[in-house]
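Engineer: Please find one structure pasted underneath; my questions will follow.
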Amino acid sequence: AAEPRLVEFQPQELSMLAWSFAKLQGRVRNNRARGGDKRQGSKFGSKASCFLACLADVACQRLSEFTPQGLSNISWALATADVLNREEACRFLTAAAMTAAPQLADFPPQAISNLCWAVGRLSGAIVPGTNSD
């Protein structure tokens, strides 16, 4: 499995990997919506969710190493891939928002937008093990 090797990735590589997984998962969903193989999508979805949760955990431990774009890309990817019900994803997104807040003046508008959108999606997530489930 690739998860143990995630610690070897540079922050930009983690960001690009998360973005890629979210884009792929969206394509699988679109294929299913058009009548494609539904079994393939659910297999990809659960494996991708687990992988993205592991990626979020690794990234959370290295928040200070990320650029504004890297933080926002991972945040966007977690929200887009709809893995905000995973504790690791929620932990990353919360920590990323808290890290970004005092530095928002240095963030490009797109990074602010992506981060805010992802945090907005988090408000509707039900996280296992919290009072909301």
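When you read off a place in the sequence shown, starting at 1, and then add 40, the result is the number in our numbering. Here a beta-carbon is modelled for each residue, glycine too, at the ideal position from N, C-alpha and C. Fair warning: this is a prediction, and the values are worked out from it, not measured in the lab.
(1) Grab me the residues of S82's own chain with a C-beta within less than 7 Å of its C-beta, minus the 5 sequence neighbours each way, in chain order.
(2) In whole angstroms, what separates the C-alpha of R45 from that of P149?
(3) Could you name the residues of the same chain whose beta carbon sits closer than 6 Å to that of F106, not counting the 5 residues immediately before and after it, in chain order?
(4) Since N125 is in the alpha helix (DSSP H), which residue starts that stretch and which ends it?
(5) Rounded to whole angstroms, what's the CA-CA distance from A96 to A145? Just pull it up for me.
(6) Could you have a look at R102 and say whether DSSP puts it in helix, strand or coil?
(7) Whole angstroms are fine: how far does the CA of E127 sit from the CA of A151?
(8) Buried or exposed: which applies to V47, given that a residue is buried once 16 or more other Cβ atoms fall within 10 Å of its Cβ?
(9) Nearest to N113 by CA position, among A42, A137 and S86, is which residue?
(10) Compare the C-beta of S112 with all C-beta atoms of chain B and state if any pair is closer than 8 Å.
Structural biologist: Reading off the structure:
(1) Confidence in S82 is poor, its pLDDT being 48 and thus under 50, which makes the residue's placement too unreliable to answer from.
(2) Rounded to the nearest angstrom, the two C-alpha atoms are 32 Å apart.
(3) Only P51 meet the Cβ criterion.
(4) Element bounds for N125: n/a, residue is neither H nor E.
(5) Distance between the alpha carbons of A96 and A145 is about 25 Å.
(6) Coil at R102, not helix or strand.
(7) Each residue's alpha carbon lies about 23 Å from the other.
(8) So V47 ends up on the exposed side.
(9) Comparing C-alpha distances from N113 to each of A42, A137 and S86 shows the shortest one belongs to A137.
(10) Absence of chain B from the displayed structure is noted, only one protein chain being present.
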